[in-house]
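Below: one structure, written as structure tokens.
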């Protein structure tokens with residue numbers, strides 16, 4: 012889903028963002044029929060290199076010590092977060108945005124070094140990816156490694172709860188997009204951001220029926236951030252330098268503060284945005300039946316001990332679902348019994364309520380708001396507010 016969220020973000024970028032953003036990404040297309048650069052290709056960079064950058068692994072998710080969906084959804088609860096302070100996706104988003112803000116400041120003064128430019132390149136690619144992770148509910152709970160350890164069935168074939176949410180539900184949705192969305196929409200802005208991918212029709216549907224339809228009046232609230240009780244911790248890049256060094260500095264801080272105080276301000280608030288997403292783990296994501304007989308004795312059969320799993324490409328996921336939307340990947344059920352989730356009560360409700368589509372749209376719009384804030388050149392405060400708060404939706 013990272014590429015889909017990034018494409019939705021691309022649609023909502025202010026035109027003046029492109030030159031600076033493309034310079035940071037170190038890529039500018041010479042083709043006038045496509046954007047100067049696109050957020051989708053670098054959106055999966057952090058996953059592809061996670062084994063080379065093992066220090067970054069914990070930044071893809073967050074888990075609370077008191078969290079145990081579907082029975083308890085604590086975020087974080089009285090015992091706080093698992094792991095080191097700031098060493099999670101909430102702290103990761105805060106840290107990369109601090110780095111980008113620092114580099115943008117020096118760039119406007121003509122004082123950004125090549126070293127800072129390299130730092131900004133990685134920070135931006137991490138930000139694109141982390142905003143996708145933030146909007147995947149199972150990246151917000153540490154129980155059973157975000158559901159990786161929980162075997163379930165989808166159309167009678169084995170998978171795990173995390174993989175189901177990381178890609179299979181999207182693949183199933185791609186197979187059910189109405190044919191009319193294979194044709195271009197009457198919006199040059201939307202069509203210009205599409206790249207001829209297998210998910211173009213899905214993005215068109217989310218934009219036309221969701222962003223410009225049922226959710227249009229909600230979108231300003233999606234980008235709102237309540238004023239924090241105190242300013243978040245800021246570590247200038249001059250103190251840490253490399254991304255990893257900045258993270259080490261962050262982890263040495265041991266102040267007793269609230270969860271939102273660590274990460275949120277009045278413009279960028281990953282903790283505030285994550286709260287209702289995390290709540291979905293108790294509302295629908297984590298089936299209560301997994302903790303009840305007979306599945307409570309078999310769901311961990313042969314479970315992997317690996318950390319949070321990351322899905323394959325969208326093309327790989329789509330290949331596991333046939334044209335009717337049935338999962339045909341994995342292996343047929345062995346052992347068990349395991350809980351079947353391709354049912355009207357589970358996957359049917361998720362599809363009917365557009366839960367996955369709304370999360371992808373929220374990820375894209377919030378990412379666009381952040382990038383517009385950092386890189387756009389606005390004429391006045393009113394224009395800035397419109398583009399960073401979701402009030403500008405003219406397509």
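Residue numbers (our numbering): 12 to 406.
We put the CB at the ideal spot given by N, CA and C, even for glycine.
A quick note: this is a predicted structure, and the numbers were derived from the prediction, not measured.
Test item: CB-CB of residue i and residue j under 8 Å
| i | j | result |
| --- | --- | --- |
| residue 13 | residue 173 | no |
| residue 279 | residue 381 | yes |
| residue 68 | residue 93 | no |
| residue 189 | residue 216 | yes |
| residue 331 | residue 175 | no |
| residue 349 | residue 310 | yes |
| residue 218 | residue 230 | no |
| residue 49 | residue 387 | no |
| residue 372 | residue 222 | yes |
| residue 72 | residue 100 | yes |
| residue 420 | residue 160 | The requested residue 420 is not part of the displayed model; the chain covers only 12 to 406. |
| residue 346 | residue 312 | yes |
Residues near residue i in its chain [Cβ-Cβ closer than 7 Å; skip 5 each side]
| i | result |
| --- | --- |
| residue 117 | 123 and 127 |
| residue 329 | 182, 185 and 209 |
| residue 84 | 78, 289, 290, 292 and 293 |
| residue 395 | 389 |
| residue 53 | 36, 136 and 139 |
| residue 367 | 180, 181, 184 and 361 |
Residue i in three-state terms, based on DSSP
| i | result |
| --- | --- |
| residue 169 | strand |
| residue 351 | strand |
| residue 79 | strand |
| residue 63 | coil |
| residue 73 | coil |
| residue 6 | Outside the shown range of the chain, which is 12 to 406, sits residue 6, and nothing can be said about it. |
| residue 162 | strand |
| residue 338 | strand |
| residue 263 | Because the pLDDT of residue 263 is 29, which lies under 50, any placement of that residue in the model is unreliable, and the question is left without a value. |
| residue 18 | helix |
| residue 107 | helix |
| residue 100 | helix |
| residue 176 | helix |
| residue 92 | strand |
| residue 114 | helix |
| residue 332 | strand |
The alpha helix (DSSP H) enclosing residue i, as first and last residue numbers
| i | result |
| --- | --- |
| residue 227 | Residue 227 -> no alpha helix (DSSP H), and no H or E assigned at all. |
| residue 86 | Element bounds for residue 86: n/a, residue is neither H nor E. |
| residue 393 | 392-399 |
| residue 287 | 281-291 |
| residue 203 | 199-204 |
| residue 374 | 366-386 |
| residue 361 | 360-363 |
| residue 213 | 211-216 |
| residue 35 | 28-36 |
Cβ-based neighbour list, residue i, same chain, cut-off 8 Å, excluding 5 preceding and 5 following
| i | result |
| --- | --- |
| residue 46 | 21, 29, 40, 203 and 204 |
| residue 104 | 138, 141, 142, 145, 274, 279 and 281 |
| residue 286 | 86 |
| residue 358 | 165, 180, 183 and 352 |
| residue 267 | At residue 267 the pLDDT is 30, less than 50, meaning the model places this residue with poor confidence; the figure from the coordinates comes in the next sentence. Correct list: empty, nothing qualifies. |
| residue 234 | 376, 377, 380, 399, 400 and 401 |
Contacts around residue i, its chain only, beta-carbon distance under 6 Å, and the 5 residues preceding and following it disregarded
| i | result |
| --- | --- |
| residue 399 | 380, 383 and 384 |
| residue 187 | 336 |
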